[in-house]
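Notes to accompany the following structure.
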Amino acid sequence: MVPIGRRREGKIKFDLGLGIWGVLFVFSSIGGVECQCERLCLALASYTVWEGSNLTFISQLFNTNDQEILKYNARVLSKDAIGVGDRLNVSFSCDCLEGGRLGHLFTYTLKPGDTYEKLGETYYANLTTVADLTRDNPRYSDPTRILDGSPVNVTVNCSCGDEKESDYRFFLTYPLLPRDNLGDLANQFNVSSNILRGHNPNTDFRSGKGLVFIPWK
C-alpha cells in the first residue's frame, strides 16, 4: 500500500507535468498564429472626404490625431483646408488578425441613426463593408437592432508587401472608384502596372469596388 503522502507527491508531480505541457501547448499555439503573418508594418489608408466630415472626426475614427494625418498629406496645409472628394492618407498599424490575415481592428461606438451601411460606405469611406462588419461582430445577431452606445468592430485590411521591396515605405489600402483602372492608378502613384497587378492578382481594376494595395513612397 502506497502511503498517502507519497500518493499526494505523485499526484502533485503529475499535475505539474500536465501544467507545464499545457503552457508549452499554449505558447506553441500562439507561435503558430504569429507565424501566419510574415511581417507587420505601418500602413496607409486612402480616405475620401465626404460632406459633413472634418479632420477631427476622421482622426477619431482611426484613433489618431490631426497632426499625424497632416504628416502624410503634404499638400494639405491645415486641417481646415480639406474639401469634399479629397483623398487623405491616414496611417495605421498593420497587425496580424485572427486567421493570419493582415489588418487593423478599430472600435466605433454607435450613435443614433448609425447603420452598418453608413459606417462602411460613408464614415469609413468604403475601407470596410457591411459583410466585413457583420463578420467581425457576431455577438449582434441583428445589425438593425444594436443599441446606441454599443461598440462595433471595424476592420481595415492592409498589406506589408515583401520585405525585399525596400523601395517602398508603405502600402496604401485604396478603395476602388468607378472611374479607376489599372493604367490610371499606375500613373497616379508612379508605379508600374506589373507591380500593381502583382500585389493584387485577383483584382478587377475596372470593377469600381473592393480594395487594392498600392506601393507608396
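Numbering (our numbering), first residue to last: 33 to 249. By construction, the Cβ of each residue, glycine as well, lies at the ideal position given by its N, Cα and C atoms. From a predicted model like this one, the values you see are computed outputs, not experimental measurements.
7 Å Cβ shell around residue i - same chain, five flanking residues per side excluded
{"i": "asparagine 185", "result": "Leu137, Thr139, Asp168, Asn169"}
{"i": "leucine 142", "result": "Ile178, Asp180, Gly181, Ser182, Val184"}
{"i": "glycine 115", "result": "Val81"}
{"i": "alanine 218", "result": "Ser224, Ser225, Leu228"}
{"i": "serine 125", "result": "Leu74, His136"}
Rounded separation between residue i and residue j - CA only
{"i": "cysteine 73", "j": "cysteine 192", "result": "6 Å"}
{"i": "phenylalanine 161", "j": "glycine 242", "result": "Checking the sequence, you will find threonine at residue 161 rather than phenylalanine. So the alpha carbons of these two residues sit roughly 9 Å apart."}
{"i": "aspartate 127", "j": "arginine 107", "result": "28 Å"}
{"i": "valine 223", "j": "tyrosine 206", "result": "14 Å"}
{"i": "threonine 176", "j": "glycine 145", "result": "10 Å"}
{"i": "asparagine 158", "j": "glycine 152", "result": "5 Å"}
{"i": "glutamine 68", "j": "leucine 134", "result": "10 Å"}
{"i": "tryptophan 82", "j": "threonine 235", "result": "25 Å"}
{"i": "serine 110", "j": "aspartate 199", "result": "29 Å"}
{"i": "valine 65", "j": "leucine 129", "result": "Confidence in valine 65 is poor, its pLDDT being 40 and thus under 50, which makes the residue's placement too unreliable to answer from."}
{"i": "phenylalanine 102", "j": "proline 210", "result": "Reading the sequence as shown, one finds leucine at residue 102 and not phenylalanine. Distance between the alpha carbons of leucine 102 and proline 210: 27 Å."}
{"i": "proline 247", "j": "aspartate 174", "result": "38 Å"}
{"i": "lysine 249", "j": "leucine 76", "result": "11 Å"}
{"i": "leucine 93", "j": "tyrosine 155", "result": "8 Å"}
{"i": "glycine 132", "j": "threonine 166", "result": "19 Å"}
According to DSSP, residues forming a beta bridge with residue i
{"i": "phenylalanine 138", "result": "Val186"}
{"i": "cysteine 192", "result": "DSSP, once it has assigned bridges, lists no residue as partnering cysteine 192."}
{"i": "aspartate 127", "result": "Gly135"}
{"i": "phenylalanine 94", "result": "BP columns for phenylalanine 94 are empty, so no partner."}
{"i": "lysine 120", "result": "In the sequence as presented, lysine is not what sits at residue 120; that position holds leucine. Paired residue(s): Tyr79."}
{"i": "phenylalanine 203", "result": "Pro247"}
Cut-off 6 Å between Cβ atoms - residues of its own chain near residue i, not counting five sequence neighbours on either side
{"i": "threonine 88", "result": "none"}
{"i": "aspartate 164", "result": "Thr187"}
{"i": "serine 85", "result": "none"}
Endpoints, the beta strand (DSSP E) within which residue i is located
{"i": "serine 78", "result": "73-80"}
{"i": "phenylalanine 245", "result": "243-248"}
Residue interval of the alpha helix (DSSP H) (run including residue i)
{"i": "leucine 208", "result": "Element bounds for leucine 208: n/a, residue is neither H nor E."}
{"i": "glutamate 100", "result": "98-103"}
{"i": "valine 108", "result": "Looking at the DSSP string, valine 108 is not in any alpha helix (DSSP H), and its letter there is neither H nor E."}
{"i": "valine 162", "result": "162-168"}
{"i": "glycine 115", "result": "Neither: glycine 115 is in no alpha helix (DSSP H) and is coded neither H nor E."}
Cβ-based neighbour list, residue i, same chain, cut-off 8 Å, excluding 5 preceding and 5 following
{"i": "asparagine 213", "result": "Phe237, Arg238"}
Inter-residue CB distance, residue i and residue j (contact presumed, cutoff 8 Å)
{"i": "serine 123", "j": "tyrosine 104", "result": "6 Å"}
{"i": "serine 225", "j": "glycine 215", "result": "6 Å"}
{"i": "phenylalanine 245", "j": "asparagine 232", "result": "6 Å"}
{"i": "tyrosine 172", "j": "arginine 119", "result": "With 8 Å as the limit, tyrosine 172 and arginine 119 do not qualify as a contact, their Cβ atoms being about 31 Å apart."}
{"i": "asparagine 121", "j": "leucine 204", "result": "7 Å"}
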